[in-house]
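K.L.:
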Amino acid sequence: MKLLYFAPLFLLMVMPAAQPSLAMTLNGSGSNPIKHVVVLFQENHTFDNYFGTFPGANGLGHAPSTVHPYHITGLISDLCHSTLCAHADYNNGKMDGFLQAEGSKQTFGYYDARDIPYYWDLARNYTLFDNYFTSAMGPSLPNHLYLVAGQDAGVPDSVNPHPPDLKINSIVDSFSASKVSWGYYSPYTMGNENALGAISSVSTNVTRMADLKLSGAFLKDLQEGNMPSVSYVMANDGENEHSPYDLGVGQAWTKSIISAIQASSYWSSTVILLTWDDYGGWYDHVAPPQVDKYGLGFRVPLLMISPFAKQGHIDHTLSDHTSLMKFIERVFDLAPVTHRDATASDLMGALNTNINSQYAADSFSMQGTPSFSNLAAAPALDAYANSPAVSFGYLNNQNHSQNAVFYATLRNSFNQTLQVIRTVTVVPEGKTIQVSFTFKNQPSGVYSINVIAMTSKGVALSVPFRLLLDSTEAIQPIISHVAR
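30 is the number of the first residue of the sequence shown in our numbering; add one for each residue after it.
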């Protein structure tokens, strides 16, 4: 006997209360106050390493008594931060493999306001996120891919002598379709700090390649009044804070960028998001939630610097690098690129209440019980394992039509994503539509189908659901709260 059941899907990381798009009207004016987003992506420091002693943050005071952090003075070395070392440090969530994997007590060292005073001043005056994680448990390149593509395309580590030519979508596709200006400023045309150069739809497109510029070109564009709507800015080697580079030099570079924006006419319409690409081998006491077989990776700092950001605020919302994609998508009314950015938290809670509270959320509701069937072309040994299909109805209970994006994800018993299907449609006012998904043929086993309904901006339209099926033995129907 094979049983299946439906359970409400409460996403541990990614389903915040439905929030509106910033592209919606503000006081009925139709004006979006945020015109520019600048992402500063420095390198290789965990939250505990930089802000572990910051007052009010979830820092080293919550670390186990077996950990003995110390304030760093003097020279340091580069620690191992490969995917292999990261998983050894993580040790299946025990977070106790750092000393053995890194081979040095340096991993437990930390900096504070004596060492990085500018960063601490930013945290005191704007918003610091203390529950923000890297998207991949590993080094730079996979995390840079998540920043712009919402996936790492199976790239586990940094570039080798034969860089990948990835045939995947990226947020640049959305920029082009919506005519959003952008610039990616990096030391390299393609490298660990320039994932776009590894994506074929960029590297083979002359127009898009023109928007990949050297790091120093950002200040030139800013000063000449040509700052794009979205800017990604990476520091040159020696200024990127990668160990053993001088933190003071890196901090000064970051300050030069932020101060120039603040002194410009762009400041009044800009949000700056400053974070670090990977953990660099440094210790952090918070075990990253495992949302799929690739991530999340270790916690790093994130600072929102803007006239729109809450002042002196510590935001505890669970988020990661794909949240930067989500924030940009929300601001510029762009559809999500992958499941990861579609379901990521959007950082909107860090905006001043007098801005964020003026938007209304869309919603609709599921009608009836989703139906399940097997659409295998030929009889199979297992009726529930081959070409599984799910169908359900949604009612638009708003007084206007709504653009909707549906994501259906098939996962196995190891929570590995096997297939993701994306459907975009329009739900007319007051009408119910039927949405169906059919997955490719699968062998006998235990599976789950997760369905999420979003607006085209990535805002939750209804409570998602999860269908569980076991084609090997009978299971008892239960209702459970599950992570994505």
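Glycine included, each C-beta is placed from N, C-alpha and C at the ideal position.
Should the region 235–255 be called in touch with the region 100–119, which here means at least 3 C-beta pairs below 8 angstroms?
P.N.:
Result no; under three Cβ-Cβ pairs closer than 8 angstroms.
K.L.:
With 16 other CB atoms within 10 Å as the buried threshold, where does SER352 fall?
P.N.:
That one is buried.
K.L.:
Could you compute how far the alpha carbon of PHE361 sits from the alpha carbon of ASN441?
P.N.:
Spanning the two alpha carbons is a distance of roughly 35 angstroms.
K.L.:
So which of GLY88, HIS100, ASN121, ASN87 has the shortest CA-CA distance to PRO318?
P.N.:
The candidate whose alpha carbon is nearest that of PRO318 is ASN121.
K.L.:
Whole angstroms is fine: what's the gap from PHE158's alpha carbon to TRP311's?
P.N.:
PHE158 and TRP311: Cα-Cα distance of roughly 18 angstroms.
K.L.:
Got a sec? Which residues, its chain only, sit under 6 angstroms from LYS22 by beta carbon, not counting five neighbours each side?
P.N.:
Given that the chain is displayed from residue 30 to residue 513, the structure contains no residue 22 and the question cannot be resolved.
K.L.:
Locate the beta strand (DSSP E) running through TYR148, then write down its first and last residues.
P.N.:
Careful: TYR148 lies outside any beta strand (DSSP E), inside the alpha helix (DSSP H) at 146–154.
K.L.:
With ALA418 as the anchor, note down where its beta strand (DSSP E) starts and where it stops.
P.N.:
Here the beta strand (DSSP E) through ALA418 covers 417–424.
K.L.:
Alpha carbon to alpha carbon, how far is VAL67 from MET333? Give it in angstroms, no decimals.
P.N.:
Taking the straight line joining both Cα atoms gives about 10 angstroms.
K.L.:
If I follow the unbroken beta strand (DSSP E) through TRP305, where does it start and stop?
P.N.:
Per DSSP, TRP305 belongs to the beta strand (DSSP E) from 299–305.
K.L.:
Specify whether the region 220–228 and the region 161–176 touch according to this definition: at least 3 beta carbon pairs, one from each stretch, less than 8 angstroms apart.
P.N.:
Judged by Cβ distances under 8 angstroms, the region 220–228 makes contact with the region 161–176, as three or more pairs qualify.
K.L.:
CA-CA distance, ALA165 and GLY324?
P.N.:
In a straight line, the C-alpha of ALA165 is about 4 angstroms away from that of GLY324.
K.L.:
Could you give the distance in angstroms between the alpha-carbon of PRO193 and the alpha-carbon of VAL177?
P.N.:
For PRO193 and VAL177, the distance between alpha carbons rounds to 16 angstroms.
K.L.:
Just the Cα atoms here: how many angstroms apart are ASP186 and LEU174?
P.N.:
ASP186 and LEU174: Cα-Cα distance of roughly 11 angstroms.
K.L.:
When you measure from the CB of LEU439 to every non-hydrogen atom of the ligand MG, does any distance come out below 8 angstroms?
P.N.:
As for the ligand MG, it is missing from this structure, which has no ligand bound.
K.L.:
Based on the DSSP output, what are the partners of LEU20 in its beta bridges?
P.N.:
Because the chain is modelled from 30 through 513, residue 20 falls outside the range shown and cannot be assessed.
K.L.:
Name the one or two DSSP bridge partners that SER260 has.
P.N.:
For SER260, which the question treats as bridged, DSSP gives the partners VAL67, GLY212.
K.L.:
Terminal residues of the continuous alpha helix (DSSP H) containing LEU170?
P.N.:
169–178 is the extent of the alpha helix (DSSP H) around LEU170.
K.L.:
Taking the beta strand (DSSP E) that ARG451 falls in, what are its first and last residues?
P.N.:
Element bounds for ARG451: 446–456.
K.L.:
Confirm, please, whether the CB-CB distance from LEU276 to TYR119 is below 9 angstroms.
P.N.:
Against a cut-off of 9 angstroms, the Cβ pair of LEU276 and TYR119 comes out as no contact.
K.L.:
Kindly identify the DSSP beta-bridge partner or partners of THR467.
P.N.:
Its beta-bridge partners are ALA418.
K.L.:
What is the rounded straight-line gap between the Cα of MET354 and the Cα of ILE200?
P.N.:
Using only the alpha carbons, I get a separation of about 8 angstroms.
K.L.:
Mind checking which residues open and close the alpha helix (DSSP H) that includes HIS350?
P.N.:
Counting along the chain, the alpha helix (DSSP H) containing HIS350 begins and ends at 350–361.
K.L.:
Considering only the beta carbon of each residue, do THR438 and HIS368 sit closer than 9 angstroms?
P.N.:
Yes. Within cutoff.
K.L.:
Quick check: VAL231 and PHE247, are their CB atoms within less than 9 angstroms of each other?
P.N.:
In this structure, PHE247 does not lie closer than 9 angstroms to VAL231 by Cβ.
K.L.:
Indicate the three-state DSSP secondary structure (helix, strand or coil) for GLN431 in the structure shown.
P.N.:
Here GLN431 sits in strand by DSSP.
K.L.:
Looking at THR514: is its Cβ nearer than 9 angstroms to the Cβ of ALA364?
P.N.:
With the chain running from 30 to 513 in the structure shown, residue 514 is simply not present.
K.L.:
Helix, strand or coil: how does DSSP classify SER205 here?
P.N.:
In the structure shown, SER205 sits in a helix (DSSP, three-state: H, G or I).
K.L.:
Using a 10 Å radius around the Cβ and a threshold of 16 neighbouring Cβ atoms, would you call GLU253 buried or exposed?
P.N.:
Exposed is the call here.
K.L.:
For the candidate residues HIS91, ILE462, ILE478, whose alpha-carbon lies nearest to that of LYS469?
P.N.:
Comparing Cα-Cα distances from LYS469 to each of HIS91, ILE462, ILE478, the minimum goes to ILE478.
K.L.:
Count the other CB atoms within 10 Å of the CB of SER297; is the residue buried (16 or more) or exposed (fewer)?
P.N.:
By the 10 Å Cβ count, SER297 comes out exposed.
K.L.:
Could you give the residue range of the beta strand (DSSP E) that holds ILE101?
P.N.:
Looking at the DSSP string, ILE101 is not in any beta strand (DSSP E), and its letter there is neither H nor E.
K.L.:
What is the DSSP secondary structure of THR233, reduced to helix, strand or coil?
P.N.:
Reduced to three states, the DSSP call for THR233 is coil.
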